[in-house]
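J.: Before I ask anything, let me first share the structure, which is written out below as structure tokens.
2 protein chains.
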Amino acid sequence: MAELVGNVLVGQSGGPTSVINASVAGVIAEALNHECIEEIYGAQNGVLGILQEDLIDLAAESQQQIRALKHTPGAALGTCRYKLKKQQDFERVLEVFKAHNIRYFFYIGGNDSQDTADKISKLAQQQNYELRVIGVPKTIDNDLPITDHTPGYASAVKYLATAVREVACDNEAMGQGDLVSIIEVMGRSAGWIAAGAALAKRRDHPHDPPHLILLPEIPFDQEKVVEDIRRVLKREKYCLIVVAEGLVDGDGNYVAADGATDAFGHATLGGAGDVLADILGQALPGVKFRVAKPGLLQRCGAHVASKTDVAEAYLAGQAAVEAAINGETDKMVTLLRGDGDQYTTETGLAPLADVANSVKKLPREWINEDGVSMNFQFIRYAQPLIQGEVVLPHDNGVPVFARLDKVRVDKVLPAYEV
Amino acid sequence: MAELVGNVLVGQSGGPTSVINASVAGVIAEALNHECIEEIYGAQNGVLGILQEDLIDLAAESQQQIRALKHTPGAALGTCRYKLKKQQDFERVLEVFKAHNIRYFFYIGGNDSQDTADKISKLAQQQNYELRVIGVPKTIDNDLPITDHTPGYASAVKYLATAVREVACDNEAMGQGDLVSIIEVMGRSAGWIAAGAALAKRRDHPHDPPHLILLPEIPFDQEKVVEDIRRVLKREKYCLIVVAEGLVDGDGNYVAADGATDAFGHATLGGAGDVLADILGQALPGVKFRVAKPGLLQRCGAHVASKTDVAEAYLAGQAAVEAAINGETDKMVTLLRGDGDQYTTETGLAPLADVANSVKKLPREWINEDGVSMNFQFIRYAQPLIQGEVVLPHDNGVPVFARLDKVRVDKVLPAYEV
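Structure (structure tokens):
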């Protein structure tokens with residue numbers, strides 16, 4: 013295989029996570045190992061920055077800041093939900109790549125982003141522009157196919173399981189058989205995150221909170237849930253419910269929908285917890301409902317990130333560069349779980365086309381018969397992912413995160429209207 | 013002073029915090045030092061448990077569990093919002109104390125609880141029953157008078173300042189001048205907690221988030237806030253707002269009130285963030301609003317507790333016992349700040365009557381002229397309180413908290429109807 017000499021471009025896309033920057037750090041660290049890579053650029057705000065030729069010189073950042081990326085939440089390069097719409101957009105991306113001799117493109121993102129990367133890769137091939145495109149998986153939603161799990165998921169789940177344990181202490185102290193606590197979590201189409209709350213239960217303590225997990229996979233049955241709550245309140249002092257924002261009713265409609273849609277045509281959601289408290293409160297007079305909606309806090313809770321997750325996000329970034337150097341293109345890095353009793357991870361590769369726009373559902377057989385709790389198969393899957401705690405540097409009592417200098421790469425093309 | 017031989021009763025009251033159990037641990041540890049103290053009991057669910065003679069034998073708990081109390085959120089003895097209503101209730105409390113030879117009563121709580129403790133103490137004096145009553149301050153609201161600050165406050169603030177730093181990373185990555193993020197925090201009548209978000213700003217970086225802090229002390233002026241947001245969105249990529257649940261309009265009415273009241277006659281609140289997003293969203297078309305409401309998570313976030321706060325809560329528990337042993341009664345332990353440049357704490361005592369039902373307001377002169385940010389006086393006050401991080405024991409990736417055996421003390425009195 014002929015060595016491909018040129019520059020690297022790494023970009024981040026979609027909703028940030030606690031560990032997406034660790035993948036950037038992995039890309040940079042590995043890129044520095046290879047002589048054929050000349051410059052390491054970052055795309056400011058994903059494809060939006062590429063269209064506008066807003067590139068950052070990552071080699072100009074201090075080692076200190078690159079290292080700090082490993083524990084910095086958000087998306088340090090900036091991200092976007094912009095969808096490349098027309099052929100002209102794709103042409104422009106290639107034009108920018110050619111202008112800056114980008115030969116290695118690493119795109120860190122979820123389903124939509126992998127689709128974008130795939131299309132860019134295909135266009136480059138059509139144009140006979142030698143480009144190696146490797147996707148790096150990222151999403152707290154854990155809904156990418158093929159990969160065993162997705163960097164970002166475990167830290168969101170560790171945040172949630174920790175919160176459930178803590179809120180349980182609070183509720184147990186306050187409840188007199190009349191307290192229902194609802195935590196609304198992210199999860200539009202799949203209940204991966206809500207399911208993760210089950211990790212708060214101690215082994216062999218099925219009655220530990222969360223008492224009910226309301227998943228998008230199981231249509232909301234008001235009468236059954238009211239009965240479930242009554243039973244829990246009788247047995248325990250309180251009832252702790254975790255509900256996914258994407259909870260649907262028997263007709264498949266979101267329990268809480270505001271009718272709007274985002275740039276990708278998905279319905280935007282919010283308020284399943286409040287709607288639930290309202291509905292259930294009417295059915296259970298005298299019971300006090302408390303709703304918490306951690307919102308963005310759950311996807312950027314770097315102070316409670318999973319050490320395993322951080323390491324895997326970093327590893328995925330490194331693996332992307334290695335694969336590209338080895339001549340791979342049009343692939344996404346996957347995480348593979350070893351067969352042994354001890355949890356181990358290796359990386360693999362999957363065609364972008366197989367990943368793009370496909371969704372991995374939470375297996376129905378991992379949900380208990382009761383529809384509101386997870387069985388040992390889910391626990392066996394998820395528990396290894398949240399192991400290990402990170403220690404963040406603090407200044408004056410609050411965590412210190414990376415701040416990139418973002419030295420701009422000179423623009424050489426005319427401006428482009430997005 | 014004659015030595016008073018008898019038993020200790022410690023109780024917890026009102027909303028739990030991340031460190032209220034550290035005060036229980038302090039009481040127990042110090043009580044063990046004194047020969048005149050024979051038994052150490054806990055009241056199950058505060059005064060409610062006293063009325064029902066539900067007492068726990070704390071000396072029967074393992075050292076391990078008592079030590080674990082130092083980092084366990086919630087209220088391990090159970091708490092209540094029950095208000096002793098009639099003379100008969102107070103008589104019953106004394107009857108229970110006499111039946112179990114309770115000579116030392118430590119009540120850990122906020123304003124209402126200190127009032128309760130005061131009334132119990134006064135009744136004991138009237139009846140010539142020798143009883144030493146010492147209150148231990150507790151409330152995330154930080155609204156107790158005389159004491160420099162209140163155990164529990166700093167950990168809630170550290171939780172919030174950490175969240176603001178993290179959400180800022182997320183928002184900075186996502187915002188394109190069109191993103192407003194609102195975090196709704198507790199604080200019914202005073203903005204102490206919301207103000208604490210200011211600790212997320214770096215020194216000499218006044219433009220750091222939170223960009224606007226909406227306090228109950230400053231009536232909500234829609235036009236001004238809309239203008240403030242416009243200015244921030246122009247300067248930054250996003251606008252991060254922290255709002256106290258008790259935000260009021262120009263007429264002094266809660267911006268978000270549901271009309272209900274709690275057992276003490278306070279209006280119950282919720283949803284200031286959502287109401288705000290709705291109002292501001294109409295005034296700022298095209299701007300995306302995201303609301304987070306950490307709710308209970310902020311008052312039980314033991315994993316991000318302030319080490320200083322934990323130590324002071326423990327110290328306050330110890331000081332309560334020492335004071336009682338020294339013959340003090342009808343007092344609350346206060347925290348006093350040393351005069352030096354280095355932050356130091358000592359404990360003092362204040363009459364319960366002076367503490368009960370009084371509220372410490374956030375000083376107006378600590379709020380900047382703009383009404384939406386805090387000045388150096390507040391920072392100088394609050395910053396030392398959130399210093400230091402705790403390290404919690406973990407099992408399978410989630411924190412492990414104390415679980416008391418709660419060995420019941422035999423009841424000797426007829427049942428009492430509450």
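Protein chains in written order, with our numbering: chain P, 13 to 430; chain F, 13 to 430. A virtual CB, placed ideally from N, CA and C, is assigned to each residue, including glycine.
1. Between the region 168-181 of chain P and chain F, which residues of the former have a C-beta closer than 7 Å to a C-beta of the latter?
2. F/A314 and F/S30: beta carbons closer than 7 Å?
3. Please report how far the alpha carbon of P/L433 lies from the alpha carbon of P/A185, in whole angstroms.
4. Do P/S318 and P/S12 count as a contact pair if the criterion is CB distance below 7 Å?
5. Using a Cβ-Cβ cut-off of 6 Å (strictly less than) and excluding sequence neighbours within five positions of F/E65, which residues of its own chain qualify?
6. Between the Cα of P/I391 and those of P/K213, P/V238, P/G352, P/L327, spot the shortest distance and give me the residue it belongs to.
7. Taking 7 Å as the CB-CB cut-off, is P/C251 touching chain F?
8. Just grab the DSSP bridge partners of P/N19 for me.
9. Tell me, please, which residues DSSP counts as bridged to P/M344.
10. Between the Cα of P/S370 and the Cα atoms of P/V20, P/P411, P/N123, which residue gives the shortest distance?
11. For the beta strand (DSSP E) containing F/R302, name the first residue and the last one.
12. Nearest to F/K372 by alpha carbon, out of F/D153, F/D190, F/G54, F/Q137?
13. Does the count of Cβ pairs from the region 170-179 of chain F and the region 47-55 of chain F closer than 8 Å reach three?
14. Short of 6 Å in beta carbon distance, which residues of its chain neighbour F/F232, apart from the five on each side in sequence? Order them along the chain.
15. Helix or strand or just coil, what does DSSP make of F/I379?
16. In the DSSP assignment, find the unbroken beta strand (DSSP E) run with P/G54 in it and report its ends.
17. Tell me P/A256's beta-bridge partners as DSSP assigns them.
18. Where F/A362 and F/A368 are concerned, what is the direct C-alpha to C-alpha distance, given to the nearest angstrom?
19. Can you tell me which of the three DSSP states F/G282 falls into?
20. Within the present structure, is the beta-carbon of P/F118 separated from the nearest heavy atom of the ligand NAD by less than 6 Å?
21. As an exercise, report each continuous alpha helix (DSSP H) stretch of at least 4 residues that is fully enclosed by the region 214-243 of chain P, in chain order.
22. Can you give the Cα-Cα distance for F/G383 and F/R200, rounded to whole angstroms?
23. Against chain F, with Cβ distances strictly below 7 Å, would P/F413 count as a contact?
24. With the cut-off set at 7 Å, would you say F/D407 and F/E73 are in Cβ contact?
25. Going along the region 302-319 of chain F in order, which residues come within less than 8 Å of chain B, judged by CB to CB distance?
26. Give me the chain P residues within the contact set of F/G90, using Cβ-Cβ distance strictly less than 7 Å, ordered along the chain.
27. Using a Cβ-Cβ distance under 7 Å, would P/A87 count as near chain F?
28. Exposed or buried, what is P/D366 when buried is set at 16 or more other beta-carbons lying within 10 Å of its beta-carbon?
29. So that I know if they touch, is there some Cβ in chain F lying closer than 7 Å to that of P/V410?
30. Short of 7 Å in beta carbon distance, which residues of its chain neighbour P/V142, apart from the five on each side in sequence? Order them along the chain.
31. When we look at the beta-carbon of P/P228 and count the other beta-carbons within 10 Å, is it buried (16 or more) or exposed?
32. For a contact meaning CB atoms closer than 8 Å, what does F/Q395 contact in chain P?
33. Check distances from the C-beta atoms of the region 189-221 of chain F to those of chain P and list, in chain order, the residues that come in under 7 Å.
34. When DSSP labels each residue in this structure, what does P/T84 get in the three-state scheme?
35. I'd like to confirm the pairing. Which residues does DSSP put opposite P/I62 in its beta bridges?
36. Between the C-alpha atoms of F/A335 and P/A323, what's the straight-line distance to the nearest angstrom?
T.: According to the structure data:
1. Residues passing the 7 Å Cβ filter: K170, A173, T174, A175, R177, E178, V179, C181.
2. yes
3. Absent from the model: residue 433 of chain P. The displayed extent of chain P is 13 to 430, so no value can be given.
4. Any question about residue 12 of chain P goes unanswered here, given that chain P covers just 13 to 430.
5. Once the five neighbours on either side are set aside, the close Cβ partners of F/E65 are V108, K423, L425.
6. P/K213
7. Output row for P/C251: interface = no.
8. P/I114
9. DSSP, once it has assigned bridges, lists P/G147, P/A362 as partnering P/M344.
10. If we check each option's Cα against that of P/S370, P/N123 comes out closest.
11. 300-304 is the span of the beta strand (DSSP E), which, as asked, contains F/R302.
12. F/D153
13. no
14. Correct list, in chain order: L259, D261, V267.
15. strand
16. 49-55
17. Residue pairing by DSSP puts P/A256 in a beta bridge opposite P/V197.
18. Rounded to the nearest whole angstrom, the C-alpha separation of F/A362 and F/A368 is 10 Å.
19. With a pLDDT of only 48 at F/G282, under 50, the local geometry of the prediction cannot be trusted, and no value is derived from it.
20. What this structure holds is no ligand at all, so the ligand NAD is not there to describe.
21. none
22. 18 Å
23. yes
24. no
25. The displayed structure is made up of protein chains P and F, and chain B is not among them.
26. Taking the beta carbon of F/G90 as reference, the chain P residues within 7 Å of it are A185, listed in sequence order.
27. It does: the Cβ of P/A87 has a partner Cβ on chain F nearer than 7 Å.
28. exposed
29. yes
30. Reading off the sequence, residue 142 of chain P comes out as Glu, not Val. The beta carbon of P/E142 sits closer than 7 Å to the beta carbons of L16, R115 from its chain, once the five residues preceding and following it are set aside; these are given in chain order.
31. buried
32. N408, G409
33. Cβ contacts with chain P: S193, L211, A212.
34. coil
35. Paired residues: none, contrary to the question.
36. A straight line joining the alpha-carbon of F/A335 with that of P/A323 spans about 51 Å.
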